[in-house]
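If you're matching positions, the sequence shown starts at 1 in the UniProt record's numbering and goes up one per residue. All C-beta atoms, glycine included, are put in the ideal place defined by N, C-alpha and C. Everything numeric in this text was worked out from a predicted model, so none of it was measured. First comes the structure, then the notes that go with it.
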Amino acid sequence: MKRAFKVTSGTELRCLGWRQEALLRLLENVLAVGENPDELVVYAALGRAARDWPSHDAIVHALKTMREDQTLLVQSGKPIGVLQTHANAPLVIMANCNMVGQWAKAENFYRWEKENLICWGGLTAGDWQYIGSQGVIQGTYEIFSRIAERHFANDLRGRFILTAGLGGMGGAQPLAGTLANAAILTVEVNQASIDKRLKNGFLQHQAKDLDQALAMIAAAQQRKEALSVALLGNAAEVYPAILSRGVVPDIVTDQTAAHDLVYGYVPAGYSLEQVAAQREADINALMDASRRSIVQHVEAMIGFMDRGAVVFDNGNLIRTHAHQGGVARAFEIPIFTEAFLRPLFCRAIGPFRWIALSNDSNDIRVIDDYLLQRFADNRIVSNWITLARQHVPFEGLPARIAWLGHGERTELALEVNRMVADGRLSGPIAFTRDHLDAGAMAHPNIMTEKMKDGSDAIADWPLLNALVNCASMADLVAIHSGGGGYSGYMTSSGVTTIADGSAAAEQRLQLSMTNDTSTGVMRYADAGYQESLDEIAEKSLPYISLPRGEQR
Ligand code: NAD
1 MKRAFKVTSG TELRCLGWRQ EALLRLLENV LAVGENPDEL VVYAALGRAA
51 RDWPSHDAIV HALKTMREDQ TLLVQSGKPI GVLQTHANAP LVIMANCNMV
101 GQWAKAENFY RWEKENLICW GGLTAGDWQY IGSQGVIQGT YEIFSRIAER
151 HFANDLRGRF ILTAGLGGMG GAQPLAGTLA NAAILTVEVN QASIDKRLKN
201 GFLQHQAKDL DQALAMIAAA QQRKEALSVA LLGNAAEVYP AILSRGVVPD
251 IVTDQTAAHD LVYGYVPAGY SLEQVAAQRE ADINALMDAS RRSIVQHVEA
301 MIGFMDRGAV VFDNGNLIRT HAHQGGVARA FEIPIFTEAF LRPLFCRAIG
351 PFRWIALSND SNDIRVIDDY LLQRFADNRI VSNWITLARQ HVPFEGLPAR
401 IAWLGHGERT ELALEVNRMV ADGRLSGPIA FTRDHLDAGA MAHPNIMTEK
451 MKDGSDAIAD WPLLNALVNC ASMADLVAIH SGGGGYSGYM TSSGVTTIAD
501 GSAAAEQRLQ LSMTNDTSTG VMRYADAGYQ ESLDEIAEKS LPYISLPRGE
551 QR
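The structure is reproduced here in structure tokens:
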């Protein structure tokens, strides 16, 4: 059966209540905007919305038939049962891809994935929170802005950014680059990924070869014009080629799906068909080929760094694989979270987003107007909303992302709930966030690298965060761990709460938004970050401050 992937509009319900309907629409949405919906893949190489099609169909059936006082259990994308709980309990709770410590290895993941025992939910795929490339765009833009402040007198006009990967998340890079006024070249090995970003407006041009790409970038730099160009090619070959010509970009990063050596990264010299064949023939040989290629790729990044470029890892484990392949200097490249965003996370300012469930883009504009007026003094938010409403196209259900922090998220969510109740909005709104958020992720090579107290690999925090969100009556709560190359590298939690205009939603939003960000601030306070301790004092958070214990 050929499936159609589309979003549902309007306010007619197919479920017994708006909360169930909302989660069903979010599931439809991640497939409608996903990278390979026929295989239930949403983004990040293998991040799936459900284990398989029978599981998907059973989830849809459960959402359509369950009552408000029930809770659907999902284990790695497969529905397990609908439990009797109560109307204030989450409607859906999930555990996706959690493997026991010593067993949490890529080779076990691929084996169990094949045996249909497990599936990877990515961060926002398995729990139906993905909103297309927009989900990461403000984060990418904020990184470029921090680099501009620190290294380029707050001005990226005339500056050259080199990156790679135009997939679900990487596809945000060209638009984030032009919004930051830079000239950005993105290398991508799959023509279909380039076509998708050209079509959805995240990318302006494709060059026919490297000569033309570099000439277009140089001309834009000369004119100090913002420009985005894609080049079809393999980054492990193109980066060294640029380096050998003596061209040094101002900023270099990479967002290929390098975390996954089997399904994500394409080794140099391989066509997409050859990768697919090798995957069937010999997974270990494919992993070796990807790792060898990543070595060349990262050696070129270090070469750019040695010649003065600002180089950073964009959260895809590329340094880790390079290091395992023998690149001793790989970790001289900083990770974006620690280098640029940690002061924001210390105050639980992170990738918060909301989705218009009736599919009416005017709802997003009404909320934009409110934000611009209410948060006029918040430079990050007002600057972003002004840019986003002009330049960021909607994909699937209309959605917006804004890096709001503790208290701000609650205030917005409660006002939106009132807007739904009094008819200023045409339908309910879902509030959610990326897992890459203050209290929600332990990932020692991305989110929690070089924590002040050395707590990089302590996964209690995201687990506590998920428990807190259950206790705070969120509508959906998920605990995820890494799959593919991320196996054994991360644990994170996801949360979604629906503003349907009801008094019950008001309580759910009040508790879940407030407690979610509270645990984020407390996590960083516990690690000793002064910004978090200040936030706790300024906003009277109920943190129990103990003197640092003696070492045992
Ligand atoms: P994706 O699988 O949707 O896309 C990856 C793209 O990289 C594909 O288009 C693929 O063709 C291309 N590619 C693979 N190997 C290549 C090579 N050697 N040269 C050039 N192009 C190549 O993945 P995605 O959702 O875009 O995520 C990309 C990476 O970013 C993942 O590792 C993901 O986990 C990570 N990520 C980071 C953040 C963040 O906040 N920084 C957020 C989400 C995801």
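Residues bridged to Trp354 (per DSSP): Position 354 of the sequence shown holds residue 354. The partner list for Trp354 (beta bridge, DSSP) reads Arg400, Phe431.
Segment contact, 8 Å Cβ cut-off, at least three pairs: the stretch 127-145 with the stretch 517-533: The stretch 127-145 vs the stretch 517-533: no contact.
Residue environment, Asp313, which counts as buried when at least 16 other CB atoms sit within 10 Å: The count along the sequence shown starts at 1 and reaches residue 313 at position 313. Answer is buried; the Cβ neighbour count reaches 16.
Alpha helix (DSSP H) segments (min. 4 residues) lying fully within the stretch 304-367: Within the stretch 304-367, complete alpha helix (DSSP H) segments of at least 4 residues are found at 318-324, 342-346, given in chain order.
His259 beta carbon near the ligand NAD (any heavy atom closer than 6 Å): Looking up residue 259 in the sequence shown gives position 259. True, at least one ligand heavy atom lies under 6 Å from that Cβ.
Whole-angstrom C-beta distance between Ala478 and Asp127, which should lie under 8 Å: Stepping through the sequence shown from its first residue, residue 127 is reached at position 127. Stepping through the sequence shown from its first residue, residue 478 is reached at position 478. Separation of the CB atoms of Asp127 and Ala478 is rounded to 4 Å, and the pair is thereby assigned contact status at 8 Å.
First through last residue of the beta strand (DSSP E) which encompasses Glu113: As a position in the sequence shown, residue 113 is number 113, starting the count at 1. Under the DSSP assignment, Glu113 falls outside any beta strand (DSSP E), being part of the alpha helix (DSSP H) whose first and last residues are 106-114.
For Tyr43, the residue or residues it bridges with in DSSP: In the sequence shown, counting from the first residue as 1, residue 43 sits at position 43. In DSSP, Tyr43 forms a bridge with Gly47.
For Gly520, the first and last residue of its enclosing alpha helix (DSSP H): As a working mapping, residue 520 is identified with position 520 in the sequence shown. Run containing Gly520: 503-526, per the alpha helix (DSSP H) assignment.
Residue range of the unbroken alpha helix (DSSP H) whose run includes Met419: One-based indexing of the sequence shown puts residue 419 at position 419. Element bounds for Met419: 408-421.
Residue 576 to Arg353 span [Cα, whole Å]: The question about residue 576 has no answer, for the chain in this structure spans 1 to 552.
Burial state of Ser358 (16 or more Cβ within 10 Å): As a working note, residue 358 is residue 358 in the sequence shown. By the neighbour-count rule (16 or more Cβ atoms within 10 Å), Ser358 is buried.
Residue span of the beta strand (DSSP E) that contains Leu476, given as start and end: Position 476 of the sequence shown, counting from 1, holds the residue named residue 476. Unbroken beta strand (DSSP E) run through Leu476: 476-481.
Whole runs of the beta strand (DSSP E) within the stretch 134-209, excluding any shorter than 3 residues: With a minimum length of 3 residues, the continuous beta strand (DSSP E) runs that stay inside the stretch 134-209 are 160-164, 183-188, 205-207.
Beta-ladder partner(s) of Ala95, from DSSP: Counted from its first residue, the sequence shown places residue 95 at position 95. For Ala95, which the question treats as bridged, DSSP gives the partners Gln75, Ile479.
Inter-stretch contact at 8 Å, needing at least 3 Cβ pairs: the stretch 179-186 / the stretch 218-230: Yes, the stretch 179-186 is in contact with the stretch 218-230.
Proximity to Phe336 [Cα-Cα], best of Val238, Glu299, Ala281, His443: What you label residue 336 is simply residue 336 of the sequence shown in a count that begins at 1. Selected option, being the one with the closest Cα: His443.
Three-state class that DSSP yields for Thr497 in the structure shown: Looking up residue 497 in the sequence shown gives position 497. The three-state reading of DSSP puts Thr497 in strand, counting E and B together.
Meets three-Cβ-pair contact criterion under 8 Å: the stretch 163-176 and the stretch 30-47: Contact between the stretch 163-176 and the stretch 30-47 is present, because at least three Cβ pairs lie under 8 Å.
Contact the stretch 10-18 vs the stretch 62-73: 3+ CB pairs below 8 Å: These segments touch.
Exposure of Gly1, with buried meaning 16 or more beta-carbon neighbours within 10 Å: As a first step, residue 1 is located in the sequence shown; it is residue number 1 there, counting from the start. In the sequence on display, residue 1 carries Met and not Gly. Burial call: exposed.
C-beta atoms of Ile380 and Trp403 nearer than 7 Å: The residue given as residue 380 occupies position 380 in the sequence shown. The residue given as residue 403 occupies position 403 in the sequence shown. Contact: yes.
Segment limits, alpha helix (DSSP H) that includes Ser244: Here residue 244 refers to the residue found at position 244 when the sequence shown is read from its first residue. First-last of the alpha helix (DSSP H) with Ser244: 235-244.
For Gly264 and Ser547, the rounded distance between their alpha carbons: Translated into the one-based positions of the sequence shown, residue 547 becomes position 547. Translated into the one-based positions of the sequence shown, residue 264 becomes position 264. A small correction: the amino acid at residue 547 is Pro; Ser does not occupy that position in the sequence shown. Going by the C-alpha atoms only, they are around 45 Å apart.
Cβ pair Gly485, Leu261 closer than 7 Å: Locating residue 485 in the sequence shown gives position 485, where the first residue counts as 1. Locating residue 261 in the sequence shown gives position 261, where the first residue counts as 1. Gly485 is a Cβ neighbour of Leu261, given a cutoff of 7 Å.
Rounded separation between Glu188 and Lys6 - CA only: Position 188 of the sequence shown, counting from 1, holds the residue named residue 188. Position 6 of the sequence shown, counting from 1, holds the residue named residue 6. Distance between the alpha carbons of Glu188 and Lys6 is about 27 Å.
Enclosing alpha helix (DSSP H) for Ala376 [first to last residue]: Within the sequence shown, the letter at position 376 stands for residue 376. According to the DSSP assignment, Ala376 belongs to no alpha helix (DSSP H), since it is labelled neither H nor E.
Residues bridged to Gln70 [DSSP beta-bridge criterion]: Counting from one through the sequence shown, the residue named residue 70 turns up at place 70. Under DSSP, Gln70 takes part in a beta bridge, and its partners are Gln84.
Sequence-distant residues of its chain with Cβ nearer than 7 Å to Val30 (five each side left out): Against the sequence shown, residue 30 aligns to sequence position 30. Here Val30 has Val42, Ala49, Ala125, Trp128, Tyr130 as same chain residues with Cβ atoms under 7 Å from its own Cβ, once five neighbours each way along the sequence are excluded.
Cβ-heavy atom distance, Tyr141 to the ligand NAD, below 6 Å: Residue 141 sits at position 141 when you count from the first residue of the sequence shown. Tyr141: no, Cβ never under 6 Å from the ligand NAD.
Exposed unless 16 or more other CB atoms sit within 10 angstroms - verdict on His86: Against the sequence shown, residue 86 aligns to sequence position 86. Result: exposed.
When Val238, Ala218, Val74 are compared against Leu210, the one with the closest alpha-carbon: Mapped onto the sequence shown, residue 210 falls at position 210. Minimum Cα distance to Leu210 is reached at Val238.
Collapsed DSSP secondary structure at Ser271 in the structure displayed: Your numbering for residue 271 matches position 271 in the sequence shown. In the structure shown, Ser271 sits in coil (DSSP, three-state: anything other than H, G, I, E or B).
Span of the alpha helix (DSSP H), counted from its first residue to its last, around Ser532: To locate residue 532, count along the sequence shown from 1; it is residue 532. 530-539 is the extent of the alpha helix (DSSP H) around Ser532.
Where Thr491 sits in the DSSP three-state scheme: By one-based count along the sequence shown, residue 491 stands at place 491. Here Thr491 sits in strand by DSSP.
Buried or exposed by the 16-neighbour rule on C-beta atoms within 10 Å, applied to Arg3: As a first step, residue 3 must be located in the sequence shown, where it is residue number 3. The residue in question, Arg3, is exposed, as its Cβ has fewer than 16 Cβ neighbours within 10 Å.
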